[in-house]
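Just so you know, we're using my numbering here: the sequence shown kicks off at 626 and counts up by one. Glycine included, each C-beta is placed from N, C-alpha and C at the ideal position.
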Amino acid sequence: MTLYTDEHRIFQQSIRKFAEKEILPHVDAWEEGSHFPSEIFPKLGAAGFLGILLDEQWGGVARDYSFASAWCEEFGRIPSVGFTTGVNMHALISAPALQRFGSPAAKEQFLGSACEGTAIGAYAFTEPGAGSDLTQVQTRAVRDGNDYVLNGSKIFITNGARADFVLTLAKTDPTAGYDGFTTFVIDTKNSGFAVARTLSKLGWHSSDTAELTFTDLRLSKEMVLGEVGKGWYQAMQSLEWERLMLTLAAVGGARACLEETVRYVNERKIFKQTIGSIEVNRTELARLASKLQAGEAFCHHCTRLLVEGRRARKEVSLAKRVVCQLAIELADYCLQLHGGYGYTTEFRPERWLRDLRLNTIGGGANEVMLKIAAGEVFR
Ligand SMILES: Cc1cc2nc3c(=O)[nH]c(=O)nc-3n(C[C@H](O)[C@H](O)[C@H](O)COP(=O)(O)OP(=O)(O)OC[C@H]3O[C@@H](n4cnc5c(N)ncnc54)[C@H](O)[C@@H]3O)c2cc1C
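This is the structure:
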């Protein structure tokens, strides 16, 4: 049974139309100039695309994860994984977490403008000494009267250099294990907040990936996300959907790369025949296409579990591991079939390969995905 109805397909057509008009004519220049296109966010907001998971109260359309999945796959076809992930980290991860757990004051401050695209959100878990092992988070929040005072740093934060609000995982009680973490909503105008640097990267050139520092950053208790001591559990919930989001986007990207390659090999001739008519190439492309189809079905199974409000930790971890690895393999083979042209920036596979390479690391490395799955299998 397919996950997507006619309504989802119409939604995807509207995304494609928007992308053709507002994004695809500019995306190569953005990538070449390492430009983070903040200017596109209000246009996405006006089209209703930033409020897929947000309530009408904030200007959203309050759809479920099946529509968010349809978005991820279609939007993921845009050849700029850094840009599309930046939008998704804002609209599908940070803003919905704020909506779900935030205080009325924090929601009032940011959610309307998040939906309009005039404020951008980020979610900061990773630190210089805590990536795969988030229990090692050192950012510390200490209670001081009615406030909390934060000190510490985060690294690799998508949208970090442009964000207006950053959901930040910190330790409030180092002796309390998983109950010792709390998430805070940081207004980046706060004087204790600073962008230490943006990182130069292999791919994701249209995305700012930043190191952030917090120095005696004072926050009112209304900027606690949900309850004190619940940060770890909120993070694990957000990460589950974030991993699926990254994987669905990889499906979209791999499919776009495959389609572009099929067009190319059907045109270019070698030994008096097209590359695409040579049996070994046809068979290999068919093998990868069938694995991609299976990967998509696996993702849709995960989406259904989330729509039904069921646990999907094991399934999402396995899907991310298998499908994101496949996307890299597929982009690499597409580059191969382009020959020397594939190695140039004039054709897309090199960008897909550089961009999709991150997806087996970001949101949790492949080895961590297997560790989680093994833990669930032996539970
Ligand atoms: C472009 C980009 C954007 C990002 N965006 C964000 C963001 O918005 N917010 C955020 O909080 N973070 C973000 N990250 C951080 C990302 O989630 C981490 O890089 C990732 O979780 C890995 O952590 P680490 O880099 O510290 O690697 P480490 O934890 O040092 O791991 C290094 C390697 O060790 C291996 N390894 C890890 N665990 C195991 C294990 N259990 N068994 C065996 N081997 C293992 C893996 O090969 C792994 O790649 C981003 C990263 C990048 C590069």
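The alpha carbon of G770 has as its nearest neighbour, out of E940, L844, A786 and Q724, the alpha carbon of L844. Your pair S719 and A747 checks out as a contact, with CB atoms roughly 6 Å apart and the cut at 8 Å. Annotation note: the segment 682-753 contains the following uninterrupted alpha helix (DSSP H) runs of length 4 or greater, listed N- to C-terminal: 690-700, 706-713, 720-726 and 729-741. Nearest neighbour of H660 by Cα position, chosen from I900, E867 and H830, turns out to be H830. Judged by their CB atoms, G785 and Q763 are not nearer to each other than the 8 Å cut-off. Annotation for A821: the continuous beta strand (DSSP E) segment containing it runs F818 to T823.
For I986, the secondary structure class from DSSP, reduced to helix, strand or coil, is coil. Rounded to the nearest whole angstrom, the C-alpha separation of F666 and G965 is 36 Å. With contacts defined as CB atoms closer than 8 Å, L759 and T808 fail to qualify as a contacting pair.
Here the segment 901-914 does not lie against the segment 929-938, with fewer than 3 beta-carbon pairs under 8 Å apart. For S915, there is no enclosing beta strand (DSSP E); the residue is found in the alpha helix (DSSP H) stretching over E904 to V932. Closest option to L775, judged by alpha-carbon separation, among A860, L837, S942 and S691: L837. The shortest CA-to-CA distance from T800 to any of D833, T783, F790 and R765 is the one to R765. It is roughly 11 Å from the alpha-carbon of E752 to the alpha-carbon of A835. Under the three-state reduction of DSSP, I677 is assigned to coil, being neither helix nor strand. A heavy atom of ligand 1 is found nearer than 7 Å to the CB of M714. Scanning D772, R979 and I640 for the CA closest to the CA of S694 turns up I640.
Burial is judged here by how many other beta carbons sit within 10 angstroms of a residue's own beta carbon; K945 has at least 16 and is buried.
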